[in-house]
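Here is the structure we will look at.
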Amino acid sequence: MDSNDPIALAAASLQRGHAEEALRLLASVLARQPGLVPALGLQANAALLAGQPALAVQALRRLLALQPAQPALRRVLSQALNRLGSEARRARRTEEAERAFAEALEHWDGNTEARFNLALGFMSSRRHREALPHWQRLHAQAPADPEVAIELASALALAAKFRQARELLAGMEMPGDLPDALRIRQVEALLVAGDAPGAERAAGFLARKDGPHLAGPLASLAEKFAHAGASVPARALYRHAAALRGDGAAAPGLRDLIASRLALPAIVIDASDIAVARKQFVQGMEDLHSQLDHERLGRCERSLAQLAWSNFFLAYHGENDLALQSSWGDLLSQLAARLCPPLPRPARRADATGQARIALVSSCFRECTAGAYFGSWPRLLAELGHEVHVFQLGPHFDATTAAIGQAPAMLHRIEGGADELAGALAEAACDLIIYPELGMDARLLPVAALRLAPRQACAWGHPVTSGLPTMDGCFSCADMEPADAQAHYRERLHLLPGLGTRYRVPTLPPAAGRAELGLPDDVPLYLLPHSLFKLHPDNDAVFAAIAAADRDGVLVLFEGEGEAMRAPFLARLGAALRAAGADPDRQLLVLPMMDRERFLQVNQACDVMVDSLYWSGGNTSLDALLSGLPIVTRPGLTMRARQSMAMLRRIGLDELVVATPDELVARALAVARDPGYRARLSQHIRDHLDVLFDSSGLRDALAAHIDALLVRP
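Numbers in our numbering are just positions in the sequence shown, counted from 1, shifted up by 697.
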């Protein structure tokens, strides 16, 4: 070896395993001769050995440019790109990772590791249709690989190919010693495919295992069983998760114990399912009231994370939930007082100006539905002369959060959970705390169950009574509430005019063609934009009657967030359509989740929105009207079933508000089938949007209600 030859010295260093030394020597060579092939080859090898895939890719690209007719070189570059993509994925740079995996396949189509990683990336970003062909190819190459089979089945199910997914999973011989992580994915795939009994059998392997590390995954699986409507295995898994955490000895084990008694199905088949679920909820409440005594709680870790659970799906049964919510609210308040860690006790401040300190507390002060509703409230309250503090519970903070927190409001970013939030609120010593929604983010509930300010209130972000004895008032919209509204709330109602807010109206995007949106041309499109769990079984007859009467018509739905909800919901709705003589295979179209701009374009492309019977559209109805899309609605007995009615009446379209489900069917058909009628309705909507979003009376009404709330009884 020539002791003066840096390339030879670099090669020797690399042979001894001293990659960093080799890279240092090669850097000086390539600075003088950037196209020196031997140096580039050594640099690529040394960079891979040193764990620097980006440098390896750079060197290999240079080599390939100098020697393009080298298939072996392309393979090495493909492998280096796969490593680069893996590094980016670990650092959560998902777009960079996807580009690297895709380029790896461009250079070597047979790189199975890169294909697997690309498909996994598509799945994690909810692009299962793009993942599907990659899983199909990988499965064809390795049909006995259980991981590939499970992922393929999941992708098939997410593409609504439920039967194929079930057949694939049923035909696979899964080993009994399948790793826990893979077993969990098997259970999830079975649930998404609509095979809850098979998922329960597979979950049995996990339920027989011990170890605190399994508690979180088991609780997560339990939630997915509940999403699929399988309450019995959901409660059993929650019970096992709680036991693994000592039934609350370690947080959040008590939360899992509570869920094991109170878990509710997201998708129900009929009214009898609802009756059973509510009866079990009542029994579970009785069990918890008797079991969680002072001695039992003394063995539990003091943390509000123990209570971060929500009976969210109760509100979608279409009934008055005051009694059930109040029973739960009483128990939650007792538990929160017992399990809350010690809180700061600042001295009460004296304010000679009479200015009230008001806190707005949520995780919704960001780009989301509730954020669009309540993002204007900090400035509104400040305009009324109050000192306003916004507490945004993470982990989501965005530009909307920053804008909301600009003067005159003070923004508090809460990075931790309920314990940190409760401490921050106690320290702030506010006169009034307002929770825009209670129910959607379970972490807020135990905080709201504490008395952290002399006066506390909630609003209609989740439009049902909180049931909490610590809430003194509830803000709602006067036009949306029935005459007997107060009978639905534990809190005293404070009714606001119009939409109850200065709504942040989005810019309407340019219209897009139906083909571009994945919609069929030249057929009536009936938009059903609600989350699947909001669609009570009584809606099925309405949708089926529309499809049976209009055999060319297509019902347009969205996948929604809960993947395990789709198969049981579509099976239920599909059965109703078949029973009515309609064709669910042709007349049901389920669109993937999309951003709001695309969602508005879908609204513009449809003919009519058919409202849900017991949970009418809120933000979805506003988006429809903003798009000029007529809505037909049958108002119900509670505020949450009357939002679309109030919006339509506000803009003078009482003709779209009907009294019975049969009239709902008839009016939807009339709008969809008559282009002239529909055009007149759309123009009327556009001409009256300023009336819909008018908030001129809001400030004075809000001021009066805040003043009333601040007066202690």
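Note that the Cβ used here is the ideal one computed from N, Cα and C, for glycine as well.
Buried versus exposed, by CB contacts within 10 Å (16 or more), residue i
i       : result
Tyr1070 : buried
Ser688  : Nothing can be reported for residue 688: it is not among the residues displayed for the chain, which extend from 698 to 1410.
Tyr1374 : exposed
Arg812  : buried
Lys906  : exposed
Ala885  : Sequence check: residue 885 is Glu here, not Ala. Buried, since its Cβ has 16 or more Cβ neighbours within 10 Å.
Arg689  : Shown here, the chain extends from 698 to 1410; a query on residue 689 therefore has no answer.
His910  : exposed
Met1290 : exposed
Ala1156 : buried
Gln764  : exposed
Gly1278 : exposed
Asp1176 : buried
Asn701  : exposed
Val889  : buried
Glu1112 : exposed
Ala900  : buried
Val672  : Outside the displayed span of the chain (698 to 1410) sits residue 672, for which this structure offers no information.
Gln883  : buried
Reduced DSSP secondary structure (H/G/I, E/B, other) of residue i
i       : result
Met1177 : helix
Tyr1374 : helix
Ala946  : coil
Gln730  : coil
Met1306 : strand
Phe1255 : strand
Thr1330 : strand
Arg1283 : helix
Ala1084 : The sequence shown places Glu at residue 1084, not Ala. Note: Glu1084 maps to strand in three-state DSSP.
Ala1070 : Correcting the residue type first, residue 1070 is Tyr in the shown sequence and not Ala. Helix at Tyr1070.
Val1354 : strand
Tyr935  : helix
Tyr1186 : coil
His715  : coil
Trp1025 : helix
Ser725  : helix
Ile964  : coil
Met869  : coil
Gln767  : coil
Val1362 : helix
Met1137 : coil
Ser1414 : Here the chain has residues from 698 to 1410 only, and residue 1414 is not among them.
Pro1039 : coil
Paired residues, beta bridge with residue i - DSSP
i       : result
Val1202 : For Val1202, which the question treats as bridged, DSSP gives no partner whatsoever.
Leu1129 : Ile1055 and Arg1152
His1191 : Phe1172
Gln1089 : Ser1059 and Arg1110
Tyr1223 : Leu1252 and Val1305
Leu1288 : Phe1255
Contact under 9 angstroms by Cβ, residue i with residue j
i       : j       : result
Ser1163 : Leu1196 : no
Met820  : Pro843  : no
Arg1187 : Pro1166 : yes
Arg1337 : Val1354 : no
Ala753  : Leu711  : no
Ala846  : His831  : no
His1086 : Ala1106 : yes
Ile1328 : His1385 : no
Pro1221 : Val1202 : no
Leu959  : Asn1008 : yes
Leu737  : Leu757  : yes
Arg975  : His1014 : yes
His1185 : Leu1019 : yes
Ala855  : His825  : One point to set straight first is that residue 855 is Leu, not Ala, in the sequence displayed. Going by C-beta atoms, Leu855 is nearer than 9 angstroms to His825.
Chain D contact for residue i (CB, 9 angstroms cutoff)
i       : result
Pro1039 : Annotation note: the requested chain D is absent from the structure, which comprises a single protein chain.
query: How do the region 1050-1070 and the region 1090-1098 stand: do at least 3 beta-carbon pairs fall below 8 angstroms, yes or no?
result: yes
field: the region 1230-1239 touching the region 954-972, judged by at least three CB pairs closer than 8 angstroms
entry: yes
- prompt: If you pair each beta-carbon of the region 1137-1148 with each one of the region 992-1005, do three or more pairs fall below 8 angstroms?
  reply: yes
task: May I ask you to verify whether the region 1110-1125 touches the region 983-1002, counting CB pairs closer than 8 angstroms and requiring at least 3?
output: yes
message: Does the region 982-1000 come into contact with the region 943-955, if we say contact requires no fewer than three beta-carbon pairs (one atom in each stretch) closer than 8 angstroms?
response: yes
query: Between the region 1037-1044 and the region 1116-1131, do at least 3 Cβ pairs fall closer than 8 angstroms?
result: yes
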